[in-house]
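Below is one structure, written out as structure tokens, with a few remarks after it.
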Amino acid sequence: MSITRDEVAHLARLARLSLADAELDHLAAQLDQIISAVARVQEVTAEDVPPTSHAVPLANVFRPDQVVPCLTAQEALAAAPAVEQQRFRVPRILAED
Amino acid sequence: MTAELTSKTAAELAAAIASAEVSAVEVTQAHLDRIAAVDGQVHAFLHVAAGQALAAAQAVDARRAAGDALGPLAGVPVAVKDVFATADMPTTCGSHILDGWQPPYESTVTRRLRAAGAIPLGKTNMDEFAMGSSTENSAFGPSHNPWDLTRVPGGSSGGSSAAVAAFEAPLATGTDTGGSIRQPAAVCGIVGMKPTYGGSSRYGVVAFASSLDTPGPLARTVLDAALLHEAMSGHDPCDSTSIDAPVPPVVAAARQADVEGMRIGVVTELSGEGYEPGVLARFGEAVELLESLGAKIIEVSCPHFAYALPAYYLIAPSECSSNLARFDAMRYGLRAGDDGTRSAEEVMSITRGEGFGAEVKRRIILGTYALSSGYYDAYYGKAQQVRTLVIRDFDAAFGQADVLISPSTPSTAFKIGERADDPMAMYLADLCTIPSDLAGNAALSVPCGLAPENGLPVGLQIMAPVLADDRTYRVGAAVEAALHDRWGHPLLTEAPEL
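For the protein sequence lines, the chains are D and P, in the order given. Following my numbering, the residues of the first sequence are numbered contiguously, the last one being 151. Following my numbering, the residues of the second sequence are numbered contiguously, the last one being 503.
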């Protein structure tokens, strides 16, 4: 199993992670090494073994449906990179054309 | 006076403050003075909140003067890992992407510690987003091991372990995802505990791998770790994976400190090749010591532990790649490249590229790979099955033994820079600690001596079943007391003066 530089670039795009060319070269080599090491999990025979996503089994944990205090708009916006009219101001989300 | 106060345990300080032998302000000031004197060398802290700490200490002194009830840790300073959200201190998680971020809310753990009267001194350094075993992945530079400043203090809770080992704080909080409390505790010669998963709340803890992240205590003695454990733990409705059960009787167990008749299992797979001779020598002595204290030593095999490390490095990066999607440059944290022409998606990519360090990027890419269609079954799916097999190994072993033991780490503290660009070598630091993270059970690291070849601390790991956290304290305290008797002093008195 090996991972190419192009694959790393594709994964970076999926992860919305801008990487410089030098980073891509470096990461591709390292990931190749890491993936061949972690691929050892495939040696385990686990035909009928159920997967564990969580060590402590819990299901459907709800809190009582009660109104509790929450952050004010001012508090919620205090750390925002940009604010306009009591809202988070973000760059355009649609293509120009 | 100052040196005298900073060398005291949390239990001693709490008693001295409660009986008015010393004020909380004096205790806090002594620790702030110690930080000012040595943190230039150690770099345990990212932020020191001197003013707030002294104000909190004054409030404790005022309550005591008024005859009001004091919390169990009233006036005792605590260093807080910078992964816990604090409403009065910045929270960076060791990352540029959160540089200067001031959370609008408080984590449950720090809220509980404040309610118990503990005095937060500041925020400690860590590997970025808790990903690492050395603090070298901090965006703000590494912390240094007080035993040898050219070496790492472990990680990711390395600022916390260094602060406690350097007597800058008697107590510190950490989080353990693959060993991030026990490994730094081991290599700094202090006590560190990963509670049962869900025993301590994740609310307000910046998420790395949510099915593994577990807050826990670091301290210089087993009893102090138990006191902090008790104060920070318990059911929290704000964390949906918090266990709705009483906190195990950890403080009573630390005071009991007796292993007579206990069945202690030595895990075959957690020793041998790849372990430093000094680590194995001290571990072997600890096994003999436990036997001499009346424990029944048995050998147990956990064959799937050999696959725990690879499974972890699929599961943790997968969860991290999902969790760190929240750093989108829109609502808080860094926003880079927003020049008015770029789209939100472009700004997001640029910000994450600038804001995350190399290890975080590596893990996001690795996790994205493991979760991508076509690879999911072969990697993430298989790793989840290994997780089941690791849990079954533990179940079988705990059928024979009350606790399991192993070295806490395969090696003593390594040199800063030695493994920085060799991820697989770095990952091996967590070889012994990862199984308990995957299984969610309790595990403690307690010092068991210095490796003969380099004079650096070695940790003994004690693992117990889910919600049997108290057993680890019982065994840990027995080992600590017996070794203290043998040496005639605590291990840390052998550390060089800073």
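No residue lacks a Cβ here, since even glycine has one placed at the ideal position from N, Cα and C.
Same chain, Cβ closer than 7 Å to residue i, neighbours up to 5 away in sequence not counted
{"i": "glutamate 111 of chain P", "result": "Ala90, Thr91, Ala92, Gly209"}
{"i": "alanine 291 of chain P", "result": "Cys453, Leu465, Val484"}
{"i": "leucine 469 of chain P", "result": "Before going further, note that residue 469 of chain P is alanine rather than leucine in the sequence given. Val408, Asn446, Ala447, Arg476, Thr477, listed in sequence order."}
{"i": "arginine 143 of chain D", "result": "Ala136, Val137"}
{"i": "alanine 286 of chain P", "result": "Pro457"}
{"i": "serine 247 of chain P", "result": "Gly203, Ser206, His240, Asp241"}
Contact list for residue i against chain D, beta-carbon separation under 8 Å
{"i": "histidine 309 of chain P", "result": "Val98"}
{"i": "glycine 203 of chain P", "result": "Val110, Leu112"}
{"i": "proline 109 of chain P", "result": "Leu125, Glu129, Ala130, Ala132, Ala133"}
{"i": "arginine 340 of chain P", "result": "Pro135, Ala136"}
{"i": "arginine 287 of chain P", "result": "Correct list: empty, because the minimum Cβ distance to chain D is about 28 Å."}
{"i": "valine 471 of chain P", "result": "Ala109, Val110"}
{"i": "tyrosine 478 of chain P", "result": "In chain order: nothing, as chain D lies at least about 20 Å away."}
{"i": "tyrosine 312 of chain P", "result": "Arg94, Val95, Glu97, Val98"}
{"i": "proline 242 of chain P", "result": "Arg117"}
{"i": "tryptophan 106 of chain P", "result": "Ala133"}
Proximal residues of chain P, C-beta to C-beta of residue i below 8 Å
{"i": "arginine 141 of chain D", "result": "Simply none; closest approach about 11 Å."}
Neighbourhood of residue i by C-beta, 8 Å cutoff - its chain only, sequence neighbours within 5 removed
{"i": "isoleucine 515 of chain P", "result": "No statement about residue 515 of chain P is possible, as the shown extent of chain P runs from 6 to 503 and does not include it."}
{"i": "glutamate 352 of chain P", "result": "The sequence as given places valine at residue 352 of chain P; glutamate does not occur at that position. Hits under 8 Å: Ala334, Arg340, Ala341, Gly342, Asp343."}
{"i": "lysine 522 of chain P", "result": "Chain P is shown only over 6 to 503; residue 522 of chain P falls outside these bounds and no answer can be derived."}
{"i": "leucine 75 of chain P", "result": "Ile22, Ala23, Val65, Arg68, Arg69, Gly122"}
{"i": "alanine 418 of chain P", "result": "Asn150, Trp152, Asp153, Arg156, Val157, Pro158, Gly159, Val192, Cys193, Leu461, Pro462"}
{"i": "arginine 397 of chain P", "result": "His309"}
Residue i: contacting residues in chain P (beta-carbon distance under 7 Å)
{"i": "threonine 106 of chain D", "result": "Gln389, Arg392, Thr393, Ile396"}
{"i": "arginine 146 of chain D", "result": "Ser348, Ala349"}
{"i": "alanine 69 of chain D", "result": "Ser326, Ile369, Ile370, Thr373"}
Heavy atom of the ligand FAD within 6 Å of residue i beta-carbon
{"i": "asparagine 446 of chain P", "result": "What this structure holds is no ligand at all, so the ligand FAD is not there to describe."}
Chain-ordered chain D contacts of residue i [CB-CB under 7 Å]
{"i": "alanine 316 of chain P", "result": "Val95"}
{"i": "isoleucine 355 of chain P", "result": "Ser72"}
{"i": "leucine 319 of chain P", "result": "Val92, Val95"}
{"i": "methionine 429 of chain P", "result": "Gln87, Ile88, Ala91"}
{"i": "alanine 444 of chain P", "result": "Ala109"}
{"i": "arginine 336 of chain P", "result": "Ala134, Phe142"}
{"i": "aspartate 132 of chain P", "result": "None at all; the shortest Cβ gap to chain D is about 17 Å."}
{"i": "tyrosine 381 of chain P", "result": "Under the 7 Å cutoff, chain D gives no residues; its nearest Cβ is about 11 Å from tyrosine 381 of chain P."}
{"i": "aspartate 343 of chain P", "result": "Pro145"}
Under 9 Å from the C-beta of residue i: neighbouring residues of chain P
{"i": "alanine 66 of chain D", "result": "Ser354, Gly358, Lys366, Ile369, Ile370, Thr373"}
Cutoff 6 Å; reference residue i; Cβ partners in own chain excluding five residues on either side
{"i": "leucine 275 of chain P", "result": "Ser411, Cys437"}
{"i": "leucine 103 of chain P", "result": "Thr97, Gly338"}
{"i": "serine 56 of chain D", "result": "Asp86"}
{"i": "aspartate 181 of chain P", "result": "Lys199, Thr219, Gly221"}
{"i": "leucine 73 of chain D", "result": "Ala66"}
Neighbour list for residue i in chain D, Cβ cutoff strictly below 9 Å
{"i": "serine 323 of chain P", "result": "The premise fails here: serine 323 of chain P is roughly 10 Å from chain D at the closest Cβ pair, so nothing lies under 9 Å."}
{"i": "proline 95 of chain P", "result": "Here the premise fails: no neighbours, minimum Cβ distance about 10 Å."}
{"i": "histidine 386 of chain P", "result": "Sequence check: residue 386 of chain P is glycine here, not histidine. Result: Pro105."}
Counting Cβ pairs closer than 8 Å, one from the segment 222-242 of chain P and one from the segment 133-140 of chain P, do we hit at least three?
-> no
In chain order, each alpha helix (DSSP H) run of at least 4 residues that lies wholly inside the segment 102-144 of chain D | 127-131
Using 8 Å as the threshold, is the segment 196-205 of chain P in touch with the segment 85-102 of chain P, meaning 3 or more CB pairs across them?
-> no
Contact between the segment 435-444 of chain P and the segment 183-194 of chain P: three or more CB pairs below 8 Å?
-> yes
So, do the segment 313-330 of chain P and the segment 124-140 of chain D have three or more beta carbon pairs nearer to each other than 8 Å?
-> no
Taking the runs of the alpha helix (DSSP H) that are 4 residues or longer, which of them lie wholly in the segment 104-137 of chain P?
-> 113-120
Residues within the segment 112-142 of chain D neighbouring chain P, beta-carbon criterion of under 8 Å = Leu112, Val115, Arg117, Leu125, Glu129, Ala130, Ala132, Ala133, Ala134, Pro135, Ala136, Phe142
When Cβ atoms are compared, which residues of the segment 246-271 of chain P fall closer than 9 Å to chain D?
-> Thr246, Ser247, Ile248, Asp249
Three or more C-beta pairs closer than 8 Å, one from the segment 170-183 of chain P and one from the segment 35-53 of chain P: is that the case here?
-> yes
Below 8 Å, can you find three or more Cβ-Cβ pairs linking the segment 78-94 of chain D to the segment 424-436 of chain P?
-> yes
Cβ pair count under 8 Å reaching 3, the segment 115-122 of chain P against the segment 372-389 of chain P = no
Any residues in the segment 411-426 of chain P with a beta carbon nearer than 7 Å to a beta carbon of chain D? Which ones, in chain order?
-> none
Specify whether the segment 304-317 of chain P and the segment 484-501 of chain P touch according to this definition: at least 3 beta carbon pairs, one from each stretch, less than 8 Å apart.
-> no
Could you tell me whether the segment 213-221 of chain P touches the segment 68-80 of chain D, where touching means 3 or more Cβ pairs closer than 8 Å?
-> no
Counting only runs that start and end within the segment 292-337 of chain P, where is the alpha helix (DSSP H) found for 4 or more residues in a row?
-> 313-328
Could you run through the segment 65-89 of chain P and flag, in chain order, every residue whose CB is less than 8 Å away from some CB of chain D?
-> none
Any alpha helix (DSSP H) of 4 or more consecutive residues that is wholly inside the segment 168-192 of chain P = none
Count the CB pairs spanning the segment 362-381 of chain P and the segment 316-324 of chain P that are closer than 8 Å, and state whether there are at least three.
-> yes
Residues, ordered as in the chain, of the segment 205-219 of chain P that lie near chain D by beta-carbon distance below 7 Å | Ser216
Length-filtered (3 minimum) beta strand (DSSP E) runs lying within the segment 186-268 of chain P | 196-199, 219-224
Whole beta strand (DSSP E) elements within the segment 383-457 of chain P, 3-residue minimum = 408-412, 447-455
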